[in-house]
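S.K.: Here's a structure for you.
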Amino acid sequence: MRSLISQLIICALFVIETHQLLPIWGVVTNCTIPNESEMGECELPADCPAFQDINDVNSIGNVSRLSFVSQLQCSGLADGKICCPRRGSYANPWISMTNITKRVRNKPVSVSQRVGIRVEVPCGEPDYEVQVNSGEIAKIDDFPWMAMLIYEKAMNPVTPGCGGALISRTFVITAAHCLTGPIVHKKGALKIVRVGEYDIHNDPDCVVEGQYADCTDGIIDVKPKRIIVHPDYKADSVSQHHDIGLIELDQPVEFTTFIRHICLPDKGSGKIATKFSVCGWGRTDFFSRGKGTNVPSPIKLKTSLPYFDHGKCSEIYQQQRLQLINGQICAGGRNARDTCSGDSGSPLMSFDTKKAAWILYGLVSMGPQNCGTVGKPGIYTNVNEYVPWIKSNAHL
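Positions -20 to -1, 1 to 376 (mature numbering (1 follows the signal peptide of the UniProt record, and there is no 0)) are the ones given, in order, by the sequence shown.
Below, the structure is given as structure tokens:
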């Protein structure tokens, strides 16, 4: 199973001049820190001690702190940098909730009430300006098709274990290994499919932007009605071929700004995106404090991953006796940017500028033991190869 890792490593470049090594530093990017008059500098989270001091799992559940951390992210940069104070720590790492007005969103859009009929809401349509950076907190309305799969085992509390994506009002797509095999023995049976989630500490979720509080309508927990695993999937297979499954919900969900469905790729187009986005609540080092990647994220995180050549990926994994097929694609292979434990089944997505919509290209399946290893991409189920099977079983 796989989680978003945000830690990045920055290096200095050097040139030889008059027999000396002189550093060539990149251009410093100034940024604004909430509650402070002095400008900060955009730095990687790992290079900013002040950020690590305030960005921990326990305090991030507070809306005031979460809003502050969200506003520290340097917009327009593709490397997940945040605004770091030039000296010392943040003066006041909270966003005051005084005089904050709740932003009114449009009411839920109307959709057909008939099960099995394609909904009227366009798939994959964002309600925001598309700008995906790496290793950062997702915006509150990013990727509204994300689903959290929650399991229950006798004598144990319910626990999240996988991700998924809405492809209609009544169906969620995920990895087959999230529905059968070892996960059932470890976490128990799938109990709940949760949509509309952002911060597991709060319900509804709110994030302050300027003088407005952007709040969701709250989570919706739906029971699974039927679980469909691809007939050729074998849970004990090392290569995890055909790692794809569907969950039929016992009741349709109403689409809102924060709950929508993602588009399937056009079967037969042969188109493969070169840059993907992934999102989830899996294990991460984003909340630092020396805890490594052992902390599940309470906040929905996102990152971007490049496409990794299928042939080269196959050669890499042949050393581990894994045989890749056309039903699998690879992405990532860059240092500290990956999916890891807890993100299994989550969507690998790309924004189609011509269609102005997000397209589902893959599902988190498996990858290297050490997440975010250079030259070791993650393996994803290639959704394009299964579109006919998906449409047939999900009545699309």
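Glycine included, C-beta positions come from ideal geometry on N, C-alpha and C.
Can you give the Cα-Cα distance for Gly141 and Ser148, rounded to whole angstroms?
M.R.: Locating residue 141 in the sequence shown gives position 161, where the first residue counts as 1. Locating residue 148 in the sequence shown gives position 168, where the first residue counts as 1. Approximately 22 angstroms, taken between the alpha carbons.
S.K.: For Gln220, which of helix, strand or coil comes out of DSSP?
M.R.: As a position in the sequence shown, residue 220 is number 240, starting the count at 1. Correct three-state label for Gln220: coil.
S.K.: At what residues does the alpha helix (DSSP H) containing Val49 begin and finish?
M.R.: Translated into positions along the sequence shown, residue 49 becomes position 69. Where Val49 is concerned, the enclosing alpha helix (DSSP H) stretches over 43 to 51.
S.K.: Among the candidates Lys247, Ile359, Ser326, whose CA atom is the shortest distance from the CA of Tyr297?
M.R.: Counted from its first residue, the sequence shown places residue 297 at position 317. With distances taken between Cα atoms, Tyr297 lies closest to Ile359.
S.K.: Ignore the nearest five residues each way along the sequence and tell me which others in Lys247's own chain have a CB closer than 6 angstroms to its CB.
M.R.: For the purposes of this step, residue 247 is taken as residue 267 along the sequence shown, with counting starting at 1. Excluding residues within five positions, the ones whose Cβ falls inside 6 angstroms are Val367.
S.K.: Compute the beta-carbon to beta-carbon distance between Lys282 and Ser257, rounded to the nearest angstrom, for a pair I have assumed lies under 8 angstroms.
M.R.: Here the question's residue 282 lines up with position 302 in the sequence shown. Here the question's residue 257 lines up with position 277 in the sequence shown. Contact holds; Cβ gap of about 6 angstroms.
S.K.: Cutting at 6 angstroms between CB atoms, please list the residues of its own chain near Glu105, excluding the five before and the five after it.
M.R.: Here residue 105 refers to the residue found at position 125 when the sequence shown is read from its first residue. Correct list, in chain order: Ala337.
S.K.: Is the distance from the Cβ of Ile200 to the Cβ of Val233 below 8 angstroms?
M.R.: Looking up residue 200 in the sequence shown gives position 220. Looking up residue 233 in the sequence shown gives position 253. Yes, they are a contact pair.
S.K.: Would you kindly work out how many angstroms separate the C-alpha atoms of Ala71 and Lys61, rounded to a whole number?
M.R.: As a position in the sequence shown, residue 71 is number 91, starting the count at 1. As a position in the sequence shown, residue 61 is number 81, starting the count at 1. If I take the Cα positions, the gap works out to 19 angstroms.
S.K.: Alpha carbon to alpha carbon, how far is Gly20 from Asp323? Give it in angstroms, no decimals.
M.R.: Taking the first residue of the sequence shown as 1, we reach residue 323 at position 343. Taking the first residue of the sequence shown as 1, we reach residue 20 at position 40. About 33 angstroms.
S.K.: Give the range of the alpha helix (DSSP H) segment to which Lys292 is assigned.
M.R.: Locating residue 292 in the sequence shown gives position 312, counting from the first residue. Taken as a continuous stretch (DSSP letters only), the alpha helix (DSSP H) holding Lys292 covers 290 to 298.
S.K.: Using only the alpha-carbon positions, how far apart do Asn364 and Ala253 sit?
M.R.: Here the question's residue 364 lines up with position 384 in the sequence shown. Here the question's residue 253 lines up with position 273 in the sequence shown. In a straight line, the C-alpha of Asn364 is about 12 angstroms away from that of Ala253.
S.K.: Could you name the residues of the same chain whose beta carbon sits closer than 6 angstroms to that of Gly312, not counting the 5 residues immediately before and after it, in chain order?
M.R.: The residue you call residue 312 lines up with position 332 of the sequence shown. The answer, listed in chain order, is Leu285, Asp318, Pro357, Gly358.
S.K.: Sort Thr237, Cys310, His241, Asn182 by Cα distance to Arg45 and report the nearest one.
M.R.: Counting from 1 along the sequence shown, the entry for residue 45 is found at position 65. Among Thr237, Cys310, His241, Asn182, the Cα nearest to that of Arg45 belongs to Asn182.
S.K.: How is the beta strand (DSSP E) around Ala311 delimited, first residue to last?
M.R.: The count along the sequence shown starts at 1 and reaches residue 311 at position 331. Residues 308 to 312.
S.K.: In the structure shown, what three-state DSSP assignment does Asp230 receive?
M.R.: Working through the sequence shown from its first residue, we reach residue 230 at position 250. DSSP places Asp230 in coil when its eight states are reduced to three.
S.K.: Which residues in the same chain as Asn373 place their Cβ atom closer than 7 angstroms to its Cβ, once the five residues preceding and following it in sequence are excluded?
M.R.: Sequence index remark: in the sequence shown, residue 373 carries index 393 (1-based). Excluding positions up to five away in sequence, the list reads Ile208, Leu226.
S.K.: Starting from Trp369 and walking both ways along the alpha helix (DSSP H), at which residues does that stretch end?
M.R.: Reading the sequence shown from its first residue, position 389 is the one you call residue 369. That run of the alpha helix (DSSP H) goes 367 to 374.
S.K.: Which of helix, strand or coil does DSSP assign to Pro25?
M.R.: Taking the sequence shown and counting its residues from 1, one reaches residue 25 at position 45. It is helical.
S.K.: Tell me which residues share the same chain as Gly143 and place their Cβ nearer than 6 angstroms to its Cβ, disregarding the 5 neighbours each side in the sequence.
M.R.: The residue you call residue 143 lines up with position 163 of the sequence shown. Within the same chain, Gly143 has close Cβ partners Gly260, Asp323, Gly325, Ser326.
S.K.: Determine contact between the region 333 to 348 and the region 162 to 178, defined as no fewer than three beta-carbon pairs at a distance below 8 angstroms.
M.R.: No contact exists between the region 333 to 348 and the region 162 to 178.
S.K.: Whole angstroms is fine: what's the gap from Asp216's alpha carbon to Cys310's?
M.R.: On the sequence shown, residue 216 is found 236 positions in, with the first residue counted as 1. On the sequence shown, residue 310 is found 330 positions in, with the first residue counted as 1. Near 21 angstroms, if we compare the C-alpha coordinates of Cys310 and Asp216.
S.K.: So which of Ser55, Pro102, Cys64, Thr12 has the shortest CA-CA distance to Asp27?
M.R.: For the purposes of this step, residue 27 is taken as residue 47 along the sequence shown, with counting starting at 1. It is Cys64.
S.K.: Does Lys334 come out as helix, strand or coil in the three-state DSSP assignment?
M.R.: Taking the sequence shown and counting its residues from 1, one reaches residue 334 at position 354. In this structure, Lys334 counts as coil in the three-state DSSP scheme.
S.K.: Taking Met126 and Gln220 to be in contact with their CB atoms under 8 angstroms, please state how far apart those CB atoms are, rounded to whole angstroms.
M.R.: Residue mapping note: residue 126 aligns to position 146 of the sequence shown, counting from 1. Residue mapping note: residue 220 aligns to position 240 of the sequence shown, counting from 1. Contact flag wrong, Cβ pair sits at about 22 angstroms.
S.K.: Which same chain residues, not among the five before or five after Phe123, have their C-beta less than 6 angstroms away from its C-beta?
M.R.: If you number the sequence shown from 1, residue 123 lands on position 143. For Phe123, where only same-chain residues beyond five positions count, the Cβ hits under 6 angstroms are Cys259.
S.K.: Which ranges would you report for the alpha helix (DSSP H) in the region 107 to 170 if only whole runs of at least 4 residues count?
M.R.: Here the runs fully enclosed are 162 to 167.
S.K.: DSSP three-state label for Asp323, please.
M.R.: Against the sequence shown, residue 323 aligns to sequence position 343. Asp323 falls in the coil class under three-state DSSP.
S.K.: Enumerate in chain order the residues of its own chain whose CB-to-CB distance from Glu177 is below 6 angstroms, with the five nearest sequence positions on each side excluded.
M.R.: Here residue 177 refers to the residue found at position 197 when the sequence shown is read from its first residue. Counting only Cβ-Cβ distances below 6 angstroms, and skipping sequence neighbours, we find Met128, Ile199.
S.K.: Starting from Arg206, trace the beta strand (DSSP E) both ways and give me its first and last residue.
M.R.: As a first step, residue 206 must be located in the sequence shown, where it is residue number 226. Here the beta strand (DSSP E) through Arg206 covers 204 to 209.
S.K.: Exposed or buried, which one is Ile163 when buried takes at least 16 other CB atoms within 10 Å?
M.R.: Counting from one through the sequence shown, the residue named residue 163 turns up at place 183. Flag for Ile163 reads buried.
S.K.: Measuring straight from C-alpha to C-alpha, what distance separates residue 416 and His210?
M.R.: This structure leaves residue 416 out entirely; the chain is present only between -20 and 376.
S.K.: Applying the 10 Å Cβ sphere with the 16-neighbour rule, what's the burial state of Ala134?
M.R.: Along the sequence shown, read from residue 1 onward, the residue named residue 134 stands at position 154. Counting Cβ neighbours within 10 Å, Ala134 comes out exposed, since fewer than 16 surround it.
S.K.: When you compare the CB positions of Leu302 and His290, do they come within less than 8 angstroms of one another, or not?
M.R.: The residue you call residue 302 lines up with position 322 of the sequence shown. The residue you call residue 290 lines up with position 310 of the sequence shown. Cβ distance not < 8 angstroms, so Leu302 and His290 don't count as in contact.
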